[in-house]
Amino acid sequence: GAGVSQTPSNKVTEKGKYVELRCDPISGHTALYWYRQSLGQGPEFLIYFQGTGAADDSGLPNDRFFAVRPEGSVSTLKIQRTERGDSAVYLCASSSRHADTQYFGPGTRLTVL
Amino acid sequence: KQEVTQIPAALSVPEGENLVLNCSFTDSAIYNLQWFRQDPGKGLTSLLLIQSSQREQTSGRLNASLDKSSGRSTLYIAASQPGDSATYLCALNAGNMLTFGGGTRLMVKP
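Heads up: the sequence lines are chains A and B, in that order.
Residues in the first sequence are numbered from 1 upward in steps of one, following this note's numbering.
Residues in the second sequence are numbered from 1 upward in steps of one, following this note's numbering.
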């Protein structure tokens with residue numbers, strides 16, 4: 001079946017603007033994860049959903065970041081009042097259940113000017 | 001807090017060599033360990049997953065080992081090819097999240 005998809009693939013915005021990044025997980029996967037990867041570094045955890053609820057949001061850097069998964073499938077990562085330091089690749093992953101193999105999407109490259 | 005270190009940060013080898021990539025971690029309370037490959041500008045491709053109770057996994061020319069007592073994992077690549085050039089990342093799964101190392105950038109020269 002289809003893998004994890006993310007849209008848009010690239011997003012350029014201005015400092016202070018609001019952005020939304022979308023993730024479509026593999027069909028039937030109950031667990032969904034968001035990570036952020038800066039240039040030359042490994043991805044860093046942001047948030048984990050089990051079904052519709054955020055089971056662990058300990059990686060969100062501050063209250064400008066928020067994510068939802070209202071129907072337990074598609075998830076949206078929302079960033080308010082973007083800052084230049086938010087520029088990174090945002091990766092989404094899904095797994096069939098908790099602690100199982102995670103499958104990653106291609107990422108959204110966010111650039112804040 | 002889990003800390004994951006990958007050595008070396010970069011590696012350049014001639015085609016055909018066998019090579020070993022290293023991953024060390026500080027917390028052995030894990031579900032599993034995954035090795036990923038990342039091509040420039042792309043997402044992550046899962047190569048191998050080793051469950052906490054396992055010692056190694058093999059897939060084709062790749063073999064990954066896990067030693068929780070010493071906090072180490074290795075990824076062995078046999079008979080390297082130019083197409084193996086990529087960044088290789090190890091990640092420890094504590095359940096709710098993966099904790100990644102910084103990666104090893106591998107270049108295999110023809």
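Backbone N, C-alpha and C define an ideal beta-carbon position, used for all residues, glycine too.
These numbers come from a predicted model, not from an experiment.
Helix, strand or coil for residue i? Go by DSSP, reduced to three states.
i         : result
Arg22(A)  : strand
Gly83(B)  : helix
Arg55(B)  : coil
Asp39(B)  : coil
Gly53(A)  : strand
Arg36(A)  : strand
Arg109(A) : strand
Arg84(A)  : helix
Gln2(B)   : coil
Thr45(B)  : strand
Leu98(B)  : strand
Thr104(B) : strand
Ser69(B)  : coil
Pro14(B)  : strand
Ala31(A)  : strand
Val12(A)  : strand
Gln6(A)   : strand
Val74(A)  : coil
Just to make sure I have the definition right: I need the residues of chain B whose C-beta is within less than 9 Å of the C-beta of residue i. Which are they?
i         : result
Asp24(A)  : What Asp24(A) touches in chain B: nothing, since even the nearest Cβ is about 13 Å away.
Gln128(A) : With chain A covering 1 to 113 only, the question about residue 128(A) has no answer from this structure.
Leu91(A)  : Gly43 and Leu44
According to DSSP, which residues form a beta bridge with residue i?
i         : result
Leu33(B)  : Ile50(B) and Leu92(B)
Asn22(B)  : Ile7(B) and Thr74(B)
Asn63(B)  : Thr58(B) and Tyr76(B)
Glu44(A)  : Arg36(A)
Arg64(A)  : Beta-bridge pairing links Arg64(A) to no other residue.
Ala99(A)  : According to DSSP, Ala99(A) bridges with nothing at all.
Lys109(B) : Pro14(B)
Please report how far the alpha carbon of residue i lies from the alpha carbon of residue j, in whole angstroms.
i         : j         : result
Asp57(A)  : Lys109(B) : 42 Å
Tyr103(A) : Arg61(B)  : 21 Å
Asn10(A)  : Glu3(B)   : 30 Å
Ser38(A)  : Ser5(A)   : 20 Å
Leu91(A)  : Thr7(A)   : 11 Å
Gln6(B)   : Ala64(B)  : 14 Å
Leu44(B)  : Glu56(B)  : 21 Å
Thr58(B)  : Leu89(B)  : 17 Å
Tyr48(A)  : Ser28(B)  : 21 Å
Ala91(B)  : Leu33(B)  : 6 Å
Gly40(A)  : Ile26(A)  : 27 Å
Asp67(B)  : Leu49(B)  : 14 Å
Phe100(B) : Pro43(A)  : 6 Å
Run through chain A and tell me which residues come within less than 9 Å of residue i, C-beta to C-beta.
i         : result
Gly60(B)  : Correct list: empty, because the minimum Cβ distance to chain A is about 17 Å.
Leu100(B) : First, the amino acid is wrong: residue 100(B) is Phe here, not Leu. Near Phe100(B) (Cβ distances below 9 Å), the residues of chain A are Tyr35, Gln37, Gln41, Gly42, Pro43, Glu44 and Phe45.
Gln57(B)  : Simply none; closest approach about 12 Å.
Tyr31(B)  : His98, Ala99 and Asp100
Leu11(B)  : Per Cβ cutoff of 9 Å: no residues; Leu11(B) is ~15 Å from chain A at best.
At a CB-CB cut-off below 7 Å, which residues of chain B make contact with residue i?
i        : result
Tyr48(A) : Asn96 and Met97
Ala55(A) : Asn96
Given that residue i touches chain A, what residues does it touch there, using C-beta distances under 8 Å?
i        : result
Gln34(B) : Thr101 and Gln102
Asn93(B) : Ala99 and Gln102
Can you list the residues of chain B that residue i reaches, using a CB-CB cut of under 8 Å?
i         : result
Trp105(A) : As written in the sequence, residue 105(A) is Gly, which differs from the Trp given in the question. Correct list: Gly43.
Gly59(A)  : Met97
Quick one: which chain A residues come within Cβ less than 7 Å of residue i?
i         : result
Gly103(B) : Gly42
Leu49(B)  : Thr101
So which residues on chain E does residue i lean against when the C-beta distance must stay under 9 Å?
i        : result
Leu89(B) : In summary, chain E is missing from the structure at hand, where the protein chains are A and B.
Three-pair Cβ contact test at 8 Å for the segment 18-28 of chain A versus the segment 72-79 of chain A
Remark: three or more beta-carbon pairs, one from each stretch, lie closer than 8 Å, so the segment 18-28 of chain A and the segment 72-79 of chain A are flagged as touching.
Please determine if the segment 13-27 of chain B and the segment 60-75 of chain A are in contact, where contact requires at least 3 C-beta pairs separated by less than 8 Å.
No, the segment 13-27 of chain B is not in contact with the segment 60-75 of chain A.
Taking 8 Å as the cut-off, does the segment 77-88 of chain B touch the segment 85-100 of chain A (at least 3 CB pairs, one atom from each stretch)?
Output reads no: the segment 77-88 of chain B does not touch the segment 85-100 of chain A.
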